[in-house]
Amino acid sequence: MSDLPFSFTIPIPHVIPSRVDNHIKRTLSALKGQFLDEATYNKMLNQEDSLIYEVYEIKRPEVEGELLMGISIVHPGKVGNEFFMTKGHFHSVLDTSEIYYTLKGEGYMVMETPEGETSVEPLSPGKVLYVPPRWAHRSVCTSRQEDLVTFFAYPANAGHDYGTIEKTGFRKLVVEGENGPEIIDNPRVK
Ligand code: PAN
Ligand code: ZN
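Per this note's numbering, the sequence shown starts with residue 28, numbered consecutively.
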């Protein structure tokens, strides 16, 4: 991999970066156990393993000092009344942070610390969100028809710990309420 400076473009409104080294697609089956309404989840999965989100990564060596960048696209939709979302994770190197810049769509970043402190920040175009070290993070798309598109950058040595969150899920969930999206406590987390 070259150590020379480089640039790339994120064209608006198309948003697929002009340079992509890896394209990850995550479907409903990757989110097993995460949506509260398991019966609806299973019914939907039996019909189709639909695409929920995609990540376009720009690769760099995964060492301290480097940054990993990319575009995350969460498609609109719901399982029962819970909006489509990413798996979410802690960074394996817990003391690493991340920057998200929202390009398109509406949604939330659901976050929590290992001690159980929570934060749910709205995302909308133009908003920069800073995820401090130690905070697990998951993006949720609440747009009816539009994708939630974010640009992210984080230390290349951070790594991803999905297992801790997979056990019980995040403490906060984003669901469709009577007057739009609502943030509720996850009854599975005691
Ligand atoms: C992002 C996320 C991306 C997909 O690059 O990896 O939005 O979410 P999951 O990794 O939770 O499936 C990031 O936060 N990297 O650290
Ligand atoms: Zn991250």
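Each residue gets a CB set at the ideal place from its N, CA and C atoms; glycine is no exception.
Which residue from the options puts its Cα closest to that of residue i?
| i | options | result |
| --- | --- | --- |
| S77 | L150, K59, T140 and K131 | K59 |
| V155 | V176, T140 and M71 | V176 |
| Q74 | P40, S56, T140 and V82 | S56 |
| D122 | S34, I37 and A185 | A185 |
| K70 | E91, Y157 and K105 | K105 |
| I85 | P214, T36 and N213 | T36 |
| P149 | E142, C168, E125 and D188 | C168 |
| I43 | H164, D64, V82 and Y68 | V82 |
| S34 | R46, H41 and P40 | R46 |
| K52 | E91, V90, H102 and H41 | H102 |
| P40 | E144, E203 and I98 | I98 |
| T145 | I211, D64 and E65 | I211 |
| F179 | E142, A163 and Y157 | Y157 |
Can you tell me which of the three DSSP states residue i falls into?
| i | result |
| --- | --- |
| G207 | strand |
| E65 | helix |
| L31 | coil |
| K194 | helix |
| K59 | coil |
| D174 | coil |
| V90 | coil |
| V42 | coil |
Tell me which residue opens and which closes the beta strand (DSSP E) that residue i is part of.
| i | result |
| --- | --- |
| L55 | Premise fails: L55 is in no beta strand (DSSP E) and is neither H nor E. |
| I126 | E125 to K131 |
| E81 | L78 to I85 |
| L121 | Segment: none, L121 is in no beta strand (DSSP E) and carries neither H nor E. |
| V158 | V155 to V158 |
Who pairs with residue i in a beta bridge, going by DSSP?
| i | result |
| --- | --- |
| H19 | This structure gives no information on residue 19, because the portion of the chain shown stretches from 28 to 217. |
| S146 | M138 |
| Y189 | Answer by DSSP bridge pairing: none, since Y189 is not bridged. |
| A180 | M96 and I126 |
| N73 | Paired residue(s): none; N73 is not in a bridge. |
| K105 | F110 |
| N49 | E84 |
| K217 | For K217, which the question treats as bridged, DSSP gives no partner whatsoever. |
Query raised in the report: Using 8 Å as the Cβ pair cut-off and three pairs as the minimum, do the stretch 127-138 and the stretch 182-196 touch?
Result: no
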